[in-house]
Every structure is written in structure tokens, then in C-alpha cells.
Amino acid sequence: MYNNLQTFLLLAALLFAIGLYGVLARRSLIAVLISVELMLNAASINFMAFNRFLIPEPAVGQIITLFIMAVAAAEAAIALSIIIAVYRKLKSINVEHVNELRG
Amino acid sequence: MAMQFSDTTFLACLVTSILPILSFGLIMIFTRENPKLSLAISLTASTIPLILAWGLLYKYWGIQEPLVYNLRWLYSDIVKIPFGFLLDPTSLLMLTIVATVSWLVQVYSIGYMGGDPGFGRFYAFLSLFAFSMLTLSISSGLLQLYICWELVGLASYLLIGFWYEKFSASEAGKKAFVVTRFGDVGFFMGLAFLTIYYGNLEIQQVNSAAVAQAMPAWLITTAALLIFCGVMGKSAQFPIHVWLPDAMEGPTPVSALLHSATMVAAGVYLIARIYPFFSASPEAMTVALAIGTITLLLSSTIGMVASDIKQVWAYSTVSQLGFMIMGLAAGSFFAGYYHLTTHAAFKALLFLCSGVFIHHFGTNDFFIMAANGARKLKIPMVTITIAALALAGIFPLAGFFSKEGILGALAHLDNKIWLFAGLFGAFLTAYYSFRVIFVMLFPREPIFQIAAAHSHAEEAHGSHGHGHGHEHEEEHGVPWVMNLPLLILAFFTLTLGFLQGALEQFLTGHAGHHEISIPLLVSAVGAALAGIGLAWLDWGAKNAKCVGFLSRVPALENFFIQKWYMDHFWRWFLNTFIYGLFSKWFTYNDRRVVDGGVDAVAFSTVGSGRYLSRYQTALLQVNLLFMVLVMAGVGLYLVMGR
Amino acid sequence: MAEHLTNFPYLTCMVLSPVIGIAIILFLKEEQKFLIRAVSLVSAGISLGFSIYTFVAYDRALGGLQFVEKYEWVKGFGISYFVGVDGLNAPLLLLTGIVIFTGVLTMWELELRVKEYFAFMLFLVTGVFGVFMSMDMFFFFLFYEIAVVPMYVLILIWGSTRKEYAAMKLTLYLMAGSGLIIPGLLLLYATSGLYTFDLLKLHGVHFSPWVQKLTFVLLLFGFGVLAAMWPFHTWSPVGHVAAPTAVSMLHAGVLMKLGSYGILRIPMYLCPEGFQYWSSLFGLLAICGIVYGVFVGLAQTDLKYVIGYSSVSHMGIVALGLATGTVDGLNGSVFQMFAHGIMTALFFSAVGYIYDRTHTREIHELGGFCKIMPVASAFFITAALCGAGVPGFASFWAELLVFIAAVRVFGIGGLIALASIVVGALFALRVVQNSFYNEPNPKFTHLEDVSPFLGLPRMILIATLILFGIFPSLMLDLIKTAVVPFISGL
Amino acid sequence: MSELFSLAGLSFLLVVGMTLGGAFIAVGARNIFHNVLGLALSLFGVAGIFLYLNSPFLAMMEILIYVGAICIAICFAIMLSEPLYRPRPPRKPIKLLGAAVGAGLVFVVFAALVKKTAWVPAAMRSDDWSVTTIGHYLLTRYALIFEAISLILLVAMLGAIVNAKNGRGREES
Amino acid sequence: MKAVALFLPELYFLLMALVLFFCSLRRQTEPSKDFRLFLAMSAGGILVGALSLFQQGSLFFASYQVDLFSQVFKLALAGGVFLVALICHRLPGVEDRFHAEFYLFLTTCTVGMMMLVSAVELLTIYISLELASYSLYILIPMRQGDGIDVEAGVKYLFIGAVSSCFMLFGLSYLFGATHSTYLVDILPKMPALLASPVGLLGLILSLAGFFFKLSLFPIHFWAPDVYQGGANQLVAYIATASKVAAVAILLRFAALGSSYGYSFAQILVFLSIVSMTLGNLVAIIQKDFKRMLAYSSIAHAGYILMGVLTLSESGYTSVIYYAVAYLIMNFTCFMVLSEVADDGRDLQIAEFAGLYHRSPLLALALMMGLFSLAGVPPSIGFTGKLLIFTSAMNQGYFWLVLIGAVNGTISLYYYLRVVYAAYFMDPGDLPKVVPSPAIRWTTYALILIIIGFGVFPMHVVDLARTAVKFVLYT
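Protein chains in written order, with our numbering: chain A, 1 to 103; chain B, 1001 to 1642; chain C, 2001 to 2490; chain D, 3001 to 3173; chain E, 4001 to 4474.
See below:
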């Protein structure tokens, strides 16, 4: 089972779906960010799985994953700073309270 | 083509045709404000054609082979319109008639229109008319004829509406133009059919082709009937005769020129012009005969009850035109055409005489004229009586011979009903014309009462028949420029009758050998005399009650006074169909349906924008969900579809 | 069609003259009104001169496309700058020259935002000239749009009566028409396999029937919008009413011809089978337009609306002539484009003068204007008579040819259209009677008549109408040189 | 099936369970701290999966970067922002349903894709899994990206500072 | 040294970022100094871009391709930055003390985009894209405002994050199916994937990231909010330069789908149609000028995609032309916007009232820009649009062209509303606008370019045509 590519791909898809659900459903901006991290991880798993089973050079997938992590870190930093800015301005981090722009 | 320009006959035709239009242009552009100069230009431009026309008539008296000259005017593909002249007896005679009458009218108008602010304009329009009518009479092709025909209509419109400040005048002009246009469209359709299915509109060739049966019969009948529509319009035949009586709103010389002698005769002339073609279709001839007859009777009856002198002559014109058409349709080319000729003389005379009275008394109502002493104007009174006698068909005046000719032609027909109708018409004609004459010549006591009543009514309406009453000229009597044309026309009225044989020789190429039908002669003269006698009993006799015999049947009299309700019919037709139904409905449709549809598209575009903007919610996650769903949809399509 | 190159760029000069005029005007100050007018007049005059020259110098015996200039433009897309004169566009170039020249003279008294006005007007004219002379579909369309868009500005600033609505409606409507034109043109371009916009080259291609049918109907409706073809005409009365005088002149006089010329030049030229397929629909719409225009015009009370609807009707005649697809019909149609252009320019310029003085265009509020301003009235009455199809004016010949062709091709339909000219006469005379005849309205009796200077442009127009009315061959022989090969190529 | 009950199999199940369970907690729990803990749990699971995918190095990095850095950062952010005692409005079932449908559809698409595709391994596969190679690649083939990522991180830091300062500065003024 | 020459524009902008970074470290704020520095350096950027226009080569182990295609876009980007720099002379939307940072992030974003247009390897593409995005994420909440800036920032961030997750997933599938991260290696393997959906789906998912940049349906939701919420100068940048980069990478990437023919194109056809229709329809009812332009950019994304999906030389050529055209005409509108909104506020369309009286030149520029966007000749927008339509028609997309053309009409409606406001509405007591000489000359230049390159497009088209040869491998 764990030698089967499809297991990992499905796992990643499931993780992605869970993350997506979080993004779509959660009200706290921080929870949304957490969900985004899950989705990024799902993508990492995908890359790693392909790397493990299909790819000629195994280093490539690892490096990609590594970079995704770094990007995720940067993204988290930026997102958190913006979330804090939101909180300071709107006194809330509920995404449903961020509702000025429409139409 | 260069050859043509060295040909004197051609040049004469060209000058005859072109000079008046040049005069029109010159006057309209430059000398409109200067009466004297305008008059000079216009008179020059009508005298030269007069001389040339008589010269041509003289030169080509007895001509056998027609002369044709053509210039290239507009040559498209099928449609080829040359500008050309066709000289044959038919056209030469018409040319002379037109040139003469229009010259006379121009001379007469010097007096009649003197002092009018639009004097220059008047002469310009007369010149335009002269151009169109002269060119019409010598046109070599039917399309050229049609064009002149339209221009005649235009000139008529302008001249009728000459006193445009007057509502009735402008209305009458519009009516004349539109109603004749109605017929002209038929004319044009006929020409279109001929163009398309025959291809050549040279009058000569159309005629000979019809005679030689080179055209299919259906085409001849269709085209002839359609062209006859034009004739009905221009020659004021039932049921579109209604414009002509109204056209009397124009100055009287105009009535004399256009609406009695020349323009309205154009229709009859057209039939004469393409007589071989016309007569190739028996159906068309029958229709023309019927319409001519109806017109004759209808308008004669109306003439019996009118009190406006110009109206009487107008209806008389209508009826005589019907009579001419009867003559032509009965198969006698000469009879119809000859009546046209004589009618031109005596009817122009009638109008010009009436014009003198109108000018003098400032009213159109002959009862008022009579009461004011019309008989004191000697020359006009004499000439008008001569003309009336001619109109009634009394020997030896011109009308007698021509009428006799037509009745003779009618007598040749199998169905005698046409003959009786013609005789009845002659009776009526004599009655109404002498009604006028007797009233004016021997005003009796009741006349003064009627006149008083009429003048009250006129004042109540606030209108004067003339609109330009020149009462101040009363002491001057009648100027000679007005008398001269009367005398000349009276001369023709007296003499034309004796030229019958010569004219017939000229026109038809063979001498008239009339076996004089005594019963016919007797009945014709008898009908005329009966009419005059009845008129004497009703109006002229010492103790006449001065009411028409018709008053015993008030319903009928009223029917005639209301002009057979034809005006009402057309007014109703216009209001109900043209304005009420089509115009209104189309306008509604335009605003609501067509434009509304366009606006609806625009509004729905904006509306859909408003609707779609609701998907751009302020909630991040709803937007994200939408986006994810679309992506998933695309994904599903790709995954499942393959 | 034979092409005859020229050694002097007459056409380019004709189209560039207004552009240079604009450039100069842009450097002038708003206050230098006289200079601005003079510059526009001169640049319009130069164009007029060139258009007269090409009209006169066109070698009728030689035929074909003359004064040709041709340069590669964007090679990769097969676009070239290709202009030329033949019998179809020579009259229209002349028309444009005359109308713009008289248009500038007509607006001589304008005081409001003079600089922009003349700049925009010259801009529009550039487009019109360009469309008429282009033999390359790309440039054709480019100029077409150039001609259409300034209308928005011109109506909005100098217009009257519901101008915002009218300007927006007109612009959007015409642009919607372009929305149909682009796919049509590009379909031809793409399916030809030549990847060229050159009309003459495309003419050599035999397009498959469905392409022809599709393209023809697209272009028919696309150009039909500008030609005020029924039922796409509703912008036209509204727009004419709102537009200032000279713009109405240009618009009804010239711009609407772009539509009908477009139909003639592109879809009919390139898609003969499409034309065969749709010609009865085309004819039907044209007949509807003719009949509809006169009846609706009969019910209008605003002078400009009346003229607007008469334009609908007269443009219907143009379309009818095209729809017949015969030499006579096309001759008449092109002739009618010219004649109607001049006539309607005269109409609008006469009405414009009266409106400027009285500030009303209600037929019933006017009255007796023949007494008050005889010259101005004479202009209007002349136009009205011309519109009623009286012989002696250029449009008579055109209508004659078109109707004969229409009766031949469409039978009853042609007869119906023909019959409607009775109503047309009623329609024209009704206006003349109500506004110009009868008793003068005392409110307006103090007004002055047209001065000789302002009368000049109108006189030019009348003179043109009469010149070609009396000598139609001057025009027709030229048109024929193009129409006869055109029809034989169908 | 036997492999499932081997040690490796059981521990794999454990890892997957951690991943998914953690993920469920991360998106499902109502307390934001539980979410963070769930995320950490899930990330540990992912690290385990990386182990199964032959990359202990990456597993380590995962724990270091994600669990070590990101989760802590999130905790700080939570503390800086919304107070936890604030009453939470009730959930909206429609929204949750929508989210579930969206996520579910995406999962269906991916799952179908995975199932339908014939995944073909490369013909020639190297078995060089050493960290050395990764390092080597990072400095050669991926040198540009290596630089770029540093720029990204710099930008992120600067940006975080600017945004944070921005907020405070405004509050003071 | 050759490598340095090839990498020159990026290096230059990196250097510029460094300088600006040091500026941001200064203790006292000197906004005007920052501005002048930024302006001068961005002007130098154009020079550098022009100098390296005809460089050609490959860097970093073939993951970085320098060719005419990329250099054209880099030049356009440098030009875009310079233009944006021009209107930063007043930057009221951002606090004075952050001006240096503002410029810094603009520069880093530009660096990211320059890398993006040259990147030919999946990871490089991803990282460059993120670099560009992150800089923008930060820039948006930097605006002084009443809360809509952070709202826009949050929305931008999360929509971007989700779309880049999708993109990453798509990239992973491509990676797995083709075993490579190099576009040149992936391309020949794409035909082998025809049987399974992975190639196509992977490609479409990967494109999601670029769609996001291009604000194409369905990833367009950020655009109106960000346009409205961001500082005017920043939005000018997002609307012009960032679009250009997205177009470049979209062209490069979409070429991968050429072996799929219509089955690939039909998805794009769908997106293109929906995008332009939706954008145009919703733009009609907008009252905020920037928001309207946002919807117009959604519509324009549809037009651009129309050229992309032809996957043909002429289509690509016209897209390049149109991208440059779009940069110029859209920038013209934003320039007028930022000049009129001198205190950095959002501008309602009604606030353009009487602009003709307040500043005739800007009114003219606005009209030219809007007409060009609407595709009215003689303008660069008209020519571009017509070229795109032509190439789409050449590939047989008749209905697409028809819908596009009808959309052009709809779009004219809302552009005309702005023109109407500027020219025909009463200015009331709105103040006069006096543009600085620099802006005046820029305006002249822009008008000249809009008309000049519209009427004489051949040089740009020829350049684009040559450039296209480097991306369209087929």
C-alpha cells in the first residue's frame, strides 16, 4: 500500500480537499491560513510521491518541496502580518466582517 | 448628332422648349423682385415659341412622315431616356394650342396680376409651366413625356398655391399635387411595365408595335390601363377629379391656362398621342369610355347647382374632358382631339371672361356679379355668351362641330346607351352654362335677393373670392391687355368650327366625309336647345322663380350640392386609412415595437450587468466557492468527458 | 478590375487635407475663431477640389480603378494601404467634398467651442473620405469607425433635444453594427486562404456558399444599421433631431451612405451567391423601409423628425436599388446616394437656419415662412420637392431607375414601394404647407432672411441638385463604368 | 493486504491517520488553538509520509520549518489578534454545505484523475537520494531560485514589518 | 561576462531594490528624494531594457531563457515601471515614511515578473510568480485608508493563495506525468498524454496561477476589490505592468497545449467568452472609476485569451501587440485618475465632471485612453483588437469573434459614460487640475503613441512577430 503511488496521490487530494473545505468554511482568517497551509502540504505530498515513484532524478522533487516550504513560510509571515493589520483596523479577524467591497 | 444642330426645325424645337425654362431660371434667381424685367423676360420667352410654333405648324401642314430628333439624355441599361422631339400633326397642333393659350394668358395676366407682390414669381411659374407643357407636347419618348408631365404637375402646384398665405389655396395646391400624383404613379407603373417587357418607349415605336401586335395583349391592356390612371389624374376623371374644382383657388389666368385649356388636356392628349397603342386594347377602351361617361354626367350635375362662377366652369371642364375621353374611347381619334382643340379655345375664353368679372367685382359669386351689373361690361359679356353658346354646342360655333363629331362616334357604337348618355350630357351642359349666362345677362328680382344672401354669407366667412379685390380699378374699366386675349379667343371660337375638314385632313391624313346623320343632328341640337330652354324658364324668363328645376327633388339637389360626396369620401379615406390606420399604426409600431425593442435590449443589458454584479459579493469565501466550483466543473468536464 | 496607378497622390491628399486642418486648428487658440473657420474652410475646400478633380479627370473610357495608390502596411497580416477611384465611389467622394464644404460654411456663425467643433468635424470627414476610397478592408473598417465615433461628441456638445439619449443611442447602435461587420470581414479574410484584406484580390476568390451567406447577412445588417435599413433605423430620426445642423447634414448626407456603400462594396462585391440568397430579404426590408418611412413621417410634428423619416424612406430606395442587383438598379442606387446626400444636406441646412432663428421646429408653430424668409423657405421647398421626386432634380432620375428595376425584379413589392411615393408627396407637401405657407406666425415676423453669404452653401447644394438633375449623364456615365463590370461579375 | 499489518504498514496507517486527523482538527475545531494543534499534528503526519517517501531530510525540514516556525508564528498572531473569549456566532449550515460540496467536487476530480491516469515511471531512474545531491543541485541548477527564495523571504520580512508598523503607527496617531 | 549581459535587466532591478532598501533604512523620511531616485533609476531601467533587447541565450542550466520574446516583455515592464514612477510624484495614498518601501516592493515585484517572463522551468516560474505576488500582497494594505485597503489585501492574498495552490497541484501533475520540470522537455511529452485527462487538466490547473494575475474568469474576484482598495499608483502598476508579465508567461505556457488542439482551446474559449461578457456587463453599472476599470480589465483578459487560444503565430503576435497596447492605454487612464485624485482618494465617475474645463489636456488623454480601450480608431487599442480578432478568425473561431465584437459595443457604453462626464457634465465646484510639466509631456507622448502606433503598427507587429518565434515551438 505504501508502495503504491495512488495511495499517496489520493491522500494528497484528500488533504487538499480538507484544506479547501477549511478555506471555504472557516470564519477566522487565521483558520483560513491554516487551511491554506494544509493545501500547500498536499501539493508537497504530490511532488514527493511523484518523486518517489516516477521521476528519474529524486533530488528534484525534494528540492521543489523544500522550496514550497520556504514559500509557505514567507506566505505565512505576510498573511499573518496582514491579518494583524486587519485586526487593528477592523477589530475583528472574522472573514465575514471584511465586507465593505462589493458589486 | 452634330447633324441635328444644323437642322433649323430641330433648332426651332429646341428653342421652343428651352427658352421658357431659361426664363424661369433667370426670373427665380435674379429678377424675382423686379416685375418689369421679369415680365419682359417671360414675355420674350413665350412670344418666340409662339411664333416658332405657328411657323412649324405652317411649315409642316400636311406632313406625312413624322420627324424625330433625339439627344442622348440618360442611358442606363434598360432604361434609356433620350431628350427628343417628335413632330407629327398630333404634336404640332398641340404645340400650337399650348403656345397660343399660354401666350394669351401671359398677356392677360399683365392686367390681372398687375400690382401683385408676387408678380415676378408668377411669371416664373408660368414660364416653368410653358416649358413643361411645350416639351410635353413634342416629346419623342414616353419617359420624357412623363417627366414633363410631372413638371406640369409641379407648375400647377406652385400656381394653385400661388397665394400661399391663404389656407384654402395652399391646401388646394397640395391636394392637386397629391391627387394627380396618385394617377401619375399608375402612369409610371405602366411605363415600367412597358420598359421591362417591351424595352422601348419611343412613342412611334410603341404605337407601331401595338398596331403590329408585336406586344403581348396582356401587356397592352395592363400598360394602357395603368397609363390611363395618369390620364384620369391629370384630366380629372372620376373618381379622382376632386382636385380640379379646388384648383380654382389659383389666380384666374391660371385656371384658364392650366385647368381648362392645356394642362388638363394633357391627359386627353396623351391618349391621342399613343392612340394606336390604346386602341389596340378593347378592354382599356371600354374602361375609358365608362369613366368618361360617368365623369361627364357627374360633373354636369354638380355644375347645375354651383354658385361660384369658376366652380361652374371647373365642373364644366371636368365634364367636357370626360366627353373628349368618350370620343376617343368610342374609337374616333379625330373627334376627341378636335373637341380638345375647340374646348381649349372656348373654355379659356370662358375663364378669362370670368376673370374679368372677378377682377372687376372682387367676388366669385355670379349672383353677386349679376346684382352688381355684370352686363355693363360689354366685351366680356359678349364673349362669354359666345363661349357659352359654343360650350352648349350651338351652330355655327366651334363646340357644335366637335360635339357633333363625338356624338357621331358614339352613335357608331353597338350599345346605344353611350349615345344617350352623351346626349343627356349635352342637355345638362347647355342648362348649366346658360344658367350662368341668363343670370348675369338678365338679372331678375329674385337674383338680387340671392345675391344679398350670398354676400352676407361671404362676409360671415370673412373671405373674398379673389383675395385681391382690385376695386380701385373699377373706374378704369377693363384694361386692353385683358380684352385683347378675349377677342382673339372669341375669334377662334367662332372660326375653328369651319376648319374641321382641314384639321381632319391634317390630323388623320384623309378628308372627313361625314354622311350627315339627320336624326343625330336633330337630337343633338334638340338636347342643347332643350337645355337652354329649361335654363330660360328657370332663370331667364320675366317671371322666372330663379330656382333650379332640381329644387323639386331636394334630396337630389343636396346630393349634387355636396358634389356627390366625393370630397367627403376622399377626406374620409385619407383620415381613416392613410392618417388613421397606416400612419398612426406605423408610428405606434415604430415607437413601441421597433424602438422599444432596441431600448429593451439596452435595458436588459444593463439589467443583466446589475444581476451579474450580485455574484461579486463582499464575502471572500462565497467568491472563492464560486471560483472553486467553476474550476471543479471544468475539471469534471475534462475528467469525465474523456 | 483594372488598376491604374497614379503619379501624384491625389487621394491621399484628399484624405490628409482635413487631418492637416485638424493639426493646424489644434495649435490655434479658441479665441481665433475666424482663423479656425478659415482653416477648416480651406482644408475642406482643398478636399473638395481634389474630389472634383478626380470626378472630372476620371477617364470614363478607360474605366476600372484609377488614381490608385498602394503600399504595404502590415505585411504579416496582409494589410495594405490601397486607395483608388472608380465609378462607384467617385460620386460619393464628390458628395463628401460638397457636403463638408457647405457644412463648414453653414456653421460659420457657430460661437460655442468653435475649435473643437471644426476639429471633430474634419476628423469625421477624414473617416468618410477614407471609407469611400479604401480598397482594403482593414482600412475600410478603420476609416468607418473613425467616421462614426465623432458623432457622439458632436451631438453631445452642440446638439439639442434629448441629446444625451440620442448620442448614446446612435453611437451604441452604430457600434453594434460594427460588431457585426468585424466578424463578417474577418470571415472573408480567414476563409479566403490568401490572408489579405485587399478587396480586389479577394474578389478573385470563390468563397464557399455558406461563407457567402453568413458573411452577406452579417455585413448586410452591420452596414444596414448605418444605412438606416428598416428595422434598424430608429437611431436615425432621434440622432438627426439631436444633432447640430452641419452634423445632421454630414450625417444624413454622407455618413448614412457609408452603410449602403459598404453593402455595395464588400458583401455584394465579394459574396455574389450570398447576395442571391438574401436578395429577397434585402429587397423586402428596403421596401418596408420605404413604405414605413413615409407613413411614420406623415405623423411627425417636428421638422427634423420628418426629414429623418424621409431619410429612412430614401435610404430604403438606395437599398432597394442595390437589392435588385441589376445595372439599372445599381446605377440608380449610387445616383440616389449622391442625390439624397445633397438633398438631405439642403434640407437640414434650411431647417437649421430656421431653427437657429426661431428655436422651434414644431411644424404647427411655424407657418407662413415664405413671407418671413422667402429665401430660406425656397431652400426648404426645393429640398421638399426634390424629396417628393419632382423631375429636374437629381434624385428623380435615381428613383426612376431604381423603381423600374424594382418592379422588374420584385414585382408586386416594387409596385408597393412605388405607390408609396404618393404618400411621400403628401408627406413633403404637408410640411411645406403647414410651415411655409398660410398666414405668418406673428411671433417670427421680425426675423431676418438668409444673408447672401449664408445662402451660398445652400445655393451650391441646389445648383448641384439641378445640374445633375438636368444633365444626369454627367453622373450616370461615370457610375456605369463601374456598375456594368460589377454586375457582370456578380 | 498482509503488508498492512506489518509494522511498516501499521505505522503508515498511523501516519496517514495523524495527517488526516490533524487536518480534520485543523479545519473542524472551533477553538483556534485546537486548529493550530491540529495543524501541527497533521504536519507531523506529513513528515512521516515524507519518511515513507524516502526522504528523511525533507521530513526533518518539514518539522523544523512548519511545526517549528509556522505554527509558532500562527500562535503569536492569534495572541496578537482576536481575544479568545469573544462569543462566536453560530455556524451557517449552508455555507458549510457549500464548502463541502466545493471541496468534495475538487476531490472527486483529483481522485478520478489519479484513477484514470496511467502513471508511467521514467525509463531510467537514478537512486541518488543523498542530501549531498540536493545541496549540489541547490547551488547549481537551482541557484537562481535559491537566490529568489531569499529575496522572497526578505520581502516577506520587510513586508511583515511594514504592515505591522503601519497598523501600530496608525493606532498611535 | 556574457551571463551578466544576459541577466542585466534583472540585475539592474535587483540593484535598484538594494538601493531602495538602503533608502528605507534611513532614519528621517525624505519622500521627494526617494521619488527622484526611483524615477531616475526606473528611467535607467528602460535604457537597460532597451540595451539588452536583442540579447539571446540561456542561463542557470537552461532554466532561464533570454530571447527576444522575454526581452520585449522586460522592456515593456521597465517601461511600465517608469510610467508608474512618473505618477508617483505625489503619493498621497501612502504615508511619507513608507515611500521608500513602496518603491522597494514595486521593484522586487518587477524583478519577479522579469524572472517570470524568462523562466522556462516550472519551479522557477512558480517562485518568480510568488515573488511578484508577495510584493503586491504587501503593497496593497500599505495604503492609508478606512479599512478597505486591508480588506482588499486580505482578499487578494487568499484568492492568490488558493489559486497558487491549484497551480501547484497542476504543476505537480504535469511533473508527474512528464517527469520533468523543463518546458522544453515537457512539450514533446504532451502528445503522449492525449489519452488521459492528466495533461490537459494539469495544464489548465497550472494556468490558474496566471489567470489569477490576468484577472480572468473565474479567478477574477479580487480585481474589483483590489483596484478599489489599493493606492491609485499601485493599482496603475497592477493594471498595467503585472498584466503584461502574466500575458508573457501565459503565452509561453499555453504553447504546451498546442498538441491538444481544440480540446484545449475550447476550455479557453469558454473562459474567454464568459470573462469578457461578464466583465463588460458588470462594468456598466459601476460608479467607482477604478472598479469600472477592474471589470474592464476582466473583459480585456478575455480578449487577450482569445488571441492566446489560437496557439498560432499571428495570434501570439497580436497578443503581444495588444498587451503592450493595453499597458499604454490603461496607464493613460490611471495617470489621469491619479492626477485628478490628487489626495489619493477613490474617484467616482461623477467626479470627472467637467474635466474638460478643469484640464483639457487630461480630458483629452482620458478620452483617448478610454476610446482606445473600447477599440475605437485610430488608436492602438483598435488595431490590437482587430489583429486579435483576425487571428482568432483565422483559426476558425467565428462565434468567439462575433461575441467579442458585440462585447466591444457593450464596453463602449461605459467608457462613453466616463467621456460624457469628463466632457459634458457641469464641473460644479470641483477644483481645477493642473498637471506638472512632466505629466504634460508624458500625456503628449502617450497620446502620440496611442495614435501613432495605432495607425502605424507595422514596426511593433514585426518585432512581436520575430519574438513569437521563440515561444511557439511548433
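Built from N, CA and C at the ideal position, the CB exists for glycine as well.
Chain-ordered neighbours of residue i on chain D, where CB pairs are closer than 9 angstroms
i	result
leucine 1620 of chain B	Ordered by position in chain D, no residue passes the 9 angstroms Cβ test against leucine 1620 of chain B, which lies about 12 angstroms from the chain.
Whether residue i touches residue j by CB criterion (8 angstroms)
i	j	result
glycine 4153 of chain E	alanine 4132 of chain E	no
leucine 1410 of chain B	alanine 1330 of chain B	yes
tyrosine 4316 of chain E	leucine 4364 of chain E	no
valine 2318 of chain C	tyrosine 2309 of chain C	no
6 angstroms CB neighbourhood of residue i in its chain, flanking five on each side removed
i	result
glutamate 4121 of chain E	Ser4063, Thr4181 and Tyr4182
alanine 1335 of chain B	Gly1327, Gly1405, Ile1406 and Ala1409
Neighbour flag for residue i against chain A, beta carbons, 8 angstroms
i	result
serine 1608 of chain B	no
isoleucine 4138 of chain E	yes
threonine 1617 of chain B	yes
valine 1628 of chain B	yes
Contacts that residue i makes with chain B (C-beta to C-beta distance below 9 angstroms)
i	result
phenylalanine 4253 of chain E	Within 9 angstroms Cβ-Cβ: nothing; phenylalanine 4253 of chain E doesn't reach chain B, min ~16 angstroms.
leucine 5 of chain A	The premise fails here: leucine 5 of chain A is roughly 18 angstroms from chain B at the closest Cβ pair, so nothing lies under 9 angstroms.
Chain C contact for residue i (CB, 8 angstroms cutoff)
i	result
leucine 1014 of chain B	no
tyrosine 4413 of chain E	yes
valine 4393 of chain E	Note that residue 4393 of chain E is methionine in the sequence shown, not valine. So yes, methionine 4393 of chain E belongs to the interface.
Residue-level contact to chain E via CB, residue i, 8 angstroms cutoff
i	result
methionine 2175 of chain C	yes
leucine 80 of chain A	no
isoleucine 68 of chain A	yes
leucine 2385 of chain C	no
Chain-ordered chain B contacts of residue i [CB-CB under 8 angstroms]
i	result
valine 23 of chain A	Gln1621 and Leu1624
is_contact[residue i, chain B] using C-beta, thresh 8 angstroms
i	result
glycine 103 of chain A	yes
glutamate 37 of chain A	no
Per-residue contacts from residue i into chain E (C-beta, under 9 angstroms)
i	result
tryptophan 2073 of chain C	Phe4456, Pro4457 and Met4458
methionine 2168 of chain C	Tyr4413, Leu4416, Arg4417 and Tyr4420
Residues of its chain near residue i, where Cβ-Cβ distance is below 8 angstroms and the 5 sequence neighbours each way are ignored
i	result
valine 32 of chain A	Gly22, Val23, Arg26 and Val95
Heavy atom of the ligand SAH within 7 angstroms of residue i beta-carbon
i	result
glycine 1230 of chain B	This structure lacks the ligand SAH; in fact it carries no ligand of any kind.
Cross-chain neighbours of residue i in chain A, by beta carbon under 8 angstroms
i	result
threonine 3019 of chain D	Leu11 and Leu15
Test: residue i CB closer than 8 angstroms to a CB of chain D
i	result
alanine 43 of chain A	no
Could you tell me which uninterrupted alpha helix (DSSP H) segments, each at least 4 residues in length, are contained entirely in the segment 4366 to 4396 of chain E, listed from first to last along the chain?
Entirely contained in the segment 4366 to 4396 of chain E, the alpha helix (DSSP H) runs reaching 4 residues are, in chain order, 4380 to 4394.
Ordered list of alpha helix (DSSP H) runs contained in the segment 1197 to 1224 of chain B, each at least 4 residues:
You should have 1203 to 1211.
Completely contained beta strand (DSSP E) runs for the segment 2416 to 2465 of chain C, where each covers 3 or more residues:
Here no run is fully enclosed.
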